[in-house]
Amino acid sequence: MQILYLANARIPTEKAHGLQIVKMCEAFARQGVDVELVVPFRQQSEQMRQVESLWEYYDVTTTYPIKRLPSPDFIRYDRYLPARIMTLLYMLQSLLFAIMASVTTRKAEGVYYTRDWYALFVLAIMKRWHGKPIFFEAHEMHGASHAKLLTWLLRRGNGLIVITQALQTYYAQFGVAAEQIIVAADGLDQRRLTPQISRDAARTELDLSLTSKIVCYTGHLFRWKGVYTLAEAMRHLPEDYRLYIIGGMTKDRQALQQFIAEQHLPRITLIEHVPYHAVPRYLAAADVLALPNSAEQAISRDCTSPLKLFEYMAAQRPIVASDLPSLREVLRHEQNAYLVTPDQPHALANGIQHVLNDQTLRTRIVETAYTDVQAFTWDGRAKNILAFLRTAIHAN
1 MQILYLANAR IPTEKAHGLQ IVKMCEAFAR QGVDVELVVP FRQQSEQMRQ
51 VESLWEYYDV TTTYPIKRLP SPDFIRYDRY LPARIMTLLY MLQSLLFAIM
101 ASVTTRKAEG VYYTRDWYAL FVLAIMKRWH GKPIFFEAHE MHGASHAKLL
151 TWLLRRGNGL IVITQALQTY YAQFGVAAEQ IIVAADGLDQ RRLTPQISRD
201 AARTELDLSL TSKIVCYTGH LFRWKGVYTL AEAMRHLPED YRLYIIGGMT
251 KDRQALQQFI AEQHLPRITL IEHVPYHAVP RYLAAADVLA LPNSAEQAIS
301 RDCTSPLKLF EYMAAQRPIV ASDLPSLREV LRHEQNAYLV TPDQPHALAN
351 GIQHVLNDQT LRTRIVETAY TDVQAFTWDG RAKNILAFLR TAIHAN
């Protein structure tokens, strides 16, 4: 099988979607698929300009071709133009990239695979011209205000991949038959399942206290990620607790730092984005890993399948997470994680303390999470999706 993966994304990027795209293409390639990733030329952030090797940055061992297409890049004007204008410019760039990708890959064999809404739109319109099966991977609830258009687009496609049960239920209402949709949660590298470093060794390398109780969060700092609730939870934790928040874009980190200062929140350290291969060291240094997603937005409550969740499970550290439908698809209270009421700093702090004070509970959730995560590798996900693709192609 050949897969043309269209991704209107800046690659490499600090953002999780870039990691997910690159890792899925690698996993497809490891299954013997001839995969090509098609992306636009985009202006890079200062940090990403320092990346010499995309493969090294993402810890990729099975490489594949990447085609970069000319594309207007309007992101640089974000600070100067109103949000409404930027939205229109983003739509224009997305459509132009999708058209260019479709034209330049028309004669290639294989199937189209994308998680980009505008690419799906263009590929669906041009399907008679390019003649290829189309598969869409949905990470959000698209198109509620354009139900007829969404129904038409999904029917033009050959199959739909979603990352949560809630997304499956949502898209089923637009006429997607059960056999045309598969739920495939995100995952992690098989190699992450091998312990890499002890807690004390990680703390020594990172110059962290060997005696403090360390709470760790890795990833983006959007409000719906719950990091502001996590920061506020530090008011309710004893003096020997330290919180390390690793990652996020510069502007988001600055906003969170300002919030921490204004609220006089204690014992919190923000660390800029670190490369993918360096994340396990920070997780190993922690006593507890926090996944404090908010319940206030559907993307968090129903849609997310966080990459950090599977990294946390593999790190063999206890997880304290928000009790949300999206997370309960993988996590079970007091079995492989300790779940707390979302958006409540005091509840989150109590959960963190409870886990660290109860060794029997802590051991159980760590061991169970590590056993459970064996089923969530990129290779396993790719195998399931490829089987689905072949069945869908044969059915059509």
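Residue numbers (full-length UniProt numbering): 1 to 396.
Glycine is no exception: its CB is placed at the ideal position from the N, C-alpha and C atoms.
Quantities reported herein were computed from a predicted structural model and do not represent experimental measurements.
In this chain, the alpha helix (DSSP H) harbouring Tyr170 covers Gln165 to Ala172. Taking Phe41 as the centre and dropping the five residues before and after it, the same chain places the C-beta of Arg68, Leu69, Pro70, Ser71 and Asp73 closer than 8 Å to its C-beta, in chain order. DSSP, read as helix, strand or coil, puts Leu221 in coil.
Excluding its 5 nearest sequence neighbours in each direction, His354 has C-beta neighbours in its own chain below 8 Å: Tyr338 and Leu361, listed in chain order. Contact between the region 368-377 and the region 387-394 is absent: fewer than three C-beta pairs spanning the two stretches fall below 8 Å.
Residue pairing for His333: DSSP places it in a beta bridge opposite Ala337. Rounded to the nearest angstrom, the Cβ distance from Ala392 to Gly159 is 4 Å, consistent with a contact under 8 Å. Per the C-alpha coordinates, the member of Glu239, Ile214 and Lys225 positioned closest to Ala285 is Ile214. For Glu36, the uninterrupted beta strand (DSSP E) segment begins and ends at Asp34 to Pro40. Distances from the alpha-carbon of Leu120 to those of Leu309, Asn8 and Leu283 put Asn8 closest. With fewer than 16 other beta carbons inside 10 angstroms of its own, Arg128 counts as exposed.
By the C-beta criterion, the region 200-209 is judged to be in contact with the region 275-293, since at least 3 inter-stretch pairs fall below 8 Å. Counting along the chain, no alpha helix (DSSP H) covers Phe74, and no H or E run does either. Fully enclosed alpha helix (DSSP H) runs of no fewer than 4 residues occupy 199-206 and 227-233 of the region 188-247, in order along the chain.
Three or more pairs of CB atoms, one per stretch, sit closer than 8 Å, so the region 232-243 contacts the region 257-271. Relative to the Cα of Ser300, the nearest Cα in the group Ile3, Arg84, Met126 and Leu221 belongs to Leu221.
Where Phe376 is concerned, there is no enclosing alpha helix (DSSP H), because DSSP gives it neither an H nor an E. Leu289 sits away from Leu327, with the two beta carbons spaced by 8 Å or more. Exposed is the label assigned to Ile85, since fewer than 16 other Cβ atoms lie within 10 Å of its Cβ. The region 48-118 contains, as complete beta strand (DSSP E) runs of 3+ residues, the segments 66-69 and 111-114 (chain order). Here Thr114 is near Leu6, since their CB atoms are less than 8 Å apart.
Ser102 sits buried, since 16 or more C-beta atoms from the chains shown fall within 10 Å of its C-beta.
For Arg281, the closest alpha carbon among the candidates Arg364, Phe97, Gln196 and Thr371 is that of Gln196.
Taking the Cα of Leu307 as reference, the smallest distance to any Cα among Pro12, Ile11 and Leu19 is reached at Leu19. Cβ neighbours of Leu210 within its own chain (closer than 7 Å, five residues either side excluded): Asp200 and Arg203. For Glu137, no alpha helix (DSSP H) segment is defined; the enclosing uninterrupted segment is the beta strand (DSSP E) at Ile134 to Ala138. The beta-carbon distance between Glu232 and Pro345, rounded to whole angstroms, is 4 Å. This is short enough to meet the 8 Å contact definition. At least 8 Å separates the beta-carbon of Gln316 from that of Val274. For Thr151, the enclosing alpha helix (DSSP H) starts and ends at Ala147 to Arg156.
Its Cα nearest to that of Glu262, the residue Tyr228 stands out among Leu193, Lys15, Asp34 and Tyr228.
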